[in-house]
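*Asks:* Under my numbering, residues 2 to 294 are what the sequence shown spells out, in order. For each residue, glycine too, the CB sits at the ideal point set by N, CA and C. Note that the structure is a prediction, hence the values are computed from the model and not measured.
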Amino acid sequence: MKKKSSLDLAVLATLFAIFLTSSFDLVGSIKVMGFTIRTVYLFVLFGAGLTLHRWIRQKELILPEGFLFLGIWTVMILAFVPNSPFVIRNVGYGAWLLLNVATIFFVVNFMNRDNMEVFIRVYLVSFFALSLLGVVQYITPQIGLPPLVVEQWWVPHVLPRVNAFTYEPSFFATYLLFGIPAMLILLARGNFAGIPKWLYYTMLVVDVTALMLCSSRMGIFLFLVFLAGFVVYVMVRWIRERKLGLHLAMSFAAPLFVTASVLLIMDMRLRQLNKDVGSAFYLNDTGWMEKDI
Numbered sequence: 002m003k004k005k006s007s008l009d010l011a012v013l014a015t016l017f018a019i020f021l022t023s024s025f026d027l028v029g030s031i032k033v034m035g036f037t038i039r040t041v042y043l044f045v046l047f048g049a050g051l052t053l054h055r056w057i058r059q060k061e062l063i064l065p066e067g068f069l070f071l072g073i074w075t076v077m078i079l080a081f082v083p084n085s086p087f088v089i090r091n092v093g094y095g096a097w098l099l100l101n102v103a104t105i106f107f108v109v110n111f112m113n114r115d116n117m118e119v120f121i122r123v124y125l126v127s128f129f130a131l132s133l134l135g136v137v138q139y140i141t142p143q144i145g146l147p148p149l150v151v152e153q154w155w156v157p158h159v160l161p162r163v164n165a166f167t168y169e170p171s172f173f174a175t176y177l178l179f180g181i182p183a184m185l186i187l188l189a190r191g192n193f194a195g196i197p198k199w200l201y202y203t204m205l206v207v208d209v210t211a212l213m214l215c216s217s218r219m220g221i222f223l224f225l226v227f228l229a230g231f232v233v234y235v236m237v238r239w240i241r242e243r244k245l246g247l248h249l250a251m252s253f254a255a256p257l258f259v260t261a262s263v264l265l266i267m268d269m270r271l272r273q274l275n276k277d278v279g280s281a282f283y284l285n286d287t288g289w290m291e292k293d294i
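#1: According to DSSP, which residues form a beta bridge with I31?
#2: When the Cα atoms are used, what is the spatial distance from F106 to L98?
#3: What first and last residue would you give for the alpha helix (DSSP H) that runs through Q143?
#4: So, helix, strand or coil for L21, using DSSP?
#5: Using C-beta distances below 6 Å, list every residue in its chain close to N164, excluding the 5 sequence neighbours before and after it, in chain order.
#6: Tell me, to the nearest whole angstrom, how far the beta carbon of L214 is from that of V263; I am working on the premise that it is less than 8 Å.
#7: Would you check if the segment 70 to 87 and the segment 8 to 23 touch, i.e. whether three or more CB-CB distances between them fall below 8 Å?
#8: Tell me whether R270 sits in a helix, a strand or coil according to DSSP, three-state version.
#9: Measuring CA to CA, which of Y94, L69, S30 and F70 is closest to L79?
#10: Could you tell me which of M184, N275, Y42 and L245 sits nearest to P256, measuring between CA atoms?
#11: When DSSP labels each residue in this structure, what does L62 get in the three-state scheme?
#12: Would you please state the rounded distance, in angstroms, between the beta carbons of A194 and L249? I believe it to be under 8 Å.
#13: Span of the alpha helix (DSSP H) holding R238?
#14: In the DSSP output, what is L199 paired with across the bridge?
#15: Pull up the CB-CB distance for V207 and F129, whole angstroms please, since I reckon it's below 8 Å.
#16: Would L51 and V12 be called neighbours here (beta carbons separated by less than 8 Å)?
#17: Just how far apart, CA to CA, sit V108 and F231?
#18: Identify whether D293 lies in helix, strand or coil by the three-state DSSP scheme.
#19: Which residues bound the alpha helix (DSSP H) around R162?
#20: Taking only three categories from DSSP, how would you classify V1?
#21: So, helix, strand or coil for V150, using DSSP?
#22: For V156, write down the residues that DSSP places opposite it in a beta bridge.
#23: Would you mind sorting M267 into buried or exposed? The rule is 16 or more other CB atoms within 10 Å of its CB.
#24: What first and last residue would you give for the alpha helix (DSSP H) that runs through G93?
#25: Would you kindly work out how many angstroms separate the C-alpha atoms of I240 and V233, rounded to a whole number?
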């Protein structure tokens with residue numbers, strides 16, 4: 002195996018930090034002139050510095066696909082920054098746009114066919130880390146430990162709705178809906194991105210569990226819609242290849258089993274703590290399964 006250089010290690014560490022902190026709303030953020038300055042911006046700037054270093058050192062800068070249109074759009078947005086009574090706010094949004102452009106250049110200039118699997122692995126592990134935090138967040142107040150940055154509760158100070166470091170549970174669900182489908186698609190193809198199989202399945206179980214624990218109805222609904230379409234994809238592949246491999250079958254069976262199991266456990270736990278709950282907690286306040294008064 003080729004030994005990684007200091008630059009390679011710096012790139013991977015920066016990329017992981019960007020992935021990990023991209024959803025941070027409640028930790029490492031400060032308010033400046035009405036804007037929220039997030040930790041992830043610092044890592045993006047460091048990534049931009051690494052890109053600049055590579056450009057100067059190797060005399061080469063790789064332009065992203067569609068750079069011409071991206072450049073035109075960026076220049077137009079920046080040109081109209083002064084055209085507002087809220088110039089400071091426009092400056093902030095312009096800076097945000099430049100940070101996103103810097104992220105694109107950072108990834109494009111350091112990702113290639115040789116290290117693409119490593120980049121994917123780093124991406125998936127970042128979701129696992131925050132999902133693990135979400136599971137811990139759900140457990141700690143129920144065993145008498147202080148809650149970890151919990152924003153919403155089913156039962157105050159006892160049964161939380163998981164949000165990790167995002168503003169609220171629905172934000173966390175939206176975040177996870179990027180990582181879990183990626184894991185399922187790779188699994189269906191038998192591609193584990195260099196992660197040991199036992200760890201890959203563990204990561205998938207923890208990610209899906211965290212999504213259920215956040216109890217975002219819309220997030221879970223969208224996940225189930227994705228799973229429905231994904232099952233169709235699996236069936237088509239099964240018919241075409243005339244073979245249903247283990248990993249292809251597990252790509253939809255595992256998340257369905259985990260989803261059903263966690264929802265059942267959560268419902269039982271809520272009924273145990275709140276005797277007034279007369280129907281499945283996901284249907285509370287929706288008008289379904291509730292008696293007319």
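*Replies:* In this structure, then:
#1: Here the question's residue 31 lines up with position 30 in the sequence shown. For I31, which the question treats as bridged, DSSP gives the partners I38.
#2: Taking the first residue of the sequence shown as position 1, residue 106 is located at position 105. Taking the first residue of the sequence shown as position 1, residue 98 is located at position 97. Between F106 and L98, the C-alpha separation is close to 13 Å.
#3: Counting from 1 along the sequence shown, the entry for residue 143 is found at position 142. Segment: none, Q143 is in no alpha helix (DSSP H) and carries neither H nor E.
#4: Stepping through the sequence shown from its first residue, residue 21 is reached at position 20. Helix at L21.
#5: As a first step, residue 164 must be located in the sequence shown, where it is residue number 163. Excluding sequence neighbours, N164 sits near E152, P170 and F173.
#6: By 1-based counting over the sequence shown, the position of residue 214 is 213. By 1-based counting over the sequence shown, the position of residue 263 is 262. Rounded, the Cβ-Cβ distance is 7 Å, consistent with contact.
#7: no
#8: Looking up residue 270 in the sequence shown gives position 269. Note: R270 maps to helix in three-state DSSP.
#9: In the sequence shown, residue 79 corresponds to position 78, counting from 1. Of the candidates Y94, L69, S30 and F70, the residue whose Cα lies closest to the Cα of L79 is Y94.
#10: Along the sequence shown, read from residue 1 onward, the residue named residue 256 stands at position 255. Ranking the options by Cα distance to P256, first place goes to M184.
#11: As a position in the sequence shown, residue 62 is number 61, starting the count at 1. Per DSSP, reduced to three states, the secondary structure at L62 is coil, with no helix or strand assignment.
#12: Counting from one through the sequence shown, the residue named residue 194 turns up at place 193. Counting from one through the sequence shown, the residue named residue 249 turns up at place 248. Taking a contact as a CB-CB distance under 8 Å, the pair A194 and L249 does not count as one, their CB atoms being some 17 Å apart.
#13: Here residue 238 corresponds to residue number 237 of the sequence shown, with the count starting at 1. It spans R218 to E242 - the alpha helix (DSSP H) in which R238 sits, taken as one unbroken run.
#14: Walking along the sequence shown from the start, residue 199 turns up at place 198. With the sequence shown as reference, residue 199 is identified as Trp, and Leu is not the correct amino acid for it. Looking at the DSSP assignment, W199 forms no beta bridge with any residue, so it has no partner.
#15: To locate residue 207, count along the sequence shown from 1; it is residue 206. To locate residue 129, count along the sequence shown from 1; it is residue 128. The beta carbons of V207 and F129 sit about 6 Å from each other, so the pair counts as a contact at 8 Å.
#16: Counting from one through the sequence shown, the residue named residue 51 turns up at place 50. Counting from one through the sequence shown, the residue named residue 12 turns up at place 11. In contact: L51 and V12 (Cβ atoms closer than 8 Å).
#17: The residue you call residue 108 lines up with position 107 of the sequence shown. The residue you call residue 231 lines up with position 230 of the sequence shown. So the alpha carbons of these two residues sit roughly 28 Å apart.
#18: Start at 1 with the first residue of the sequence shown, and residue 293 comes out as number 292. Unreliable placement is indicated for D293, whose pLDDT of 41 sits below 50; the coordinate value is still reported in the next sentence. Three-state DSSP puts D293 in coil, outside helix and strand.
#19: Walking along the sequence shown from the start, residue 162 turns up at place 161. Segment L160 to R162 is the beta strand (DSSP E) holding R162; no alpha helix (DSSP H) there.
#20: The shown model of the chain, from 2 to 294, leaves out residue 1, and the question about it has no answer.
#21: Stepping through the sequence shown from its first residue, residue 150 is reached at position 149. Coil at V150, not helix or strand.
#22: Walking along the sequence shown from the start, residue 156 turns up at place 155. For V156, which the question treats as bridged, DSSP gives the partners L160.
#23: Walking along the sequence shown from the start, residue 267 turns up at place 266. By the neighbour-count rule (16 or more Cβ atoms within 10 Å), M267 is buried.
#24: On the sequence shown, residue 93 is found 92 positions in, with the first residue counted as 1. Element bounds for G93: V88 to F111.
#25: On the sequence shown, position 239 is the one that residue 240 refers to. On the sequence shown, position 232 is the one that residue 233 refers to. Cα to Cα, the separation comes out at about 11 Å.
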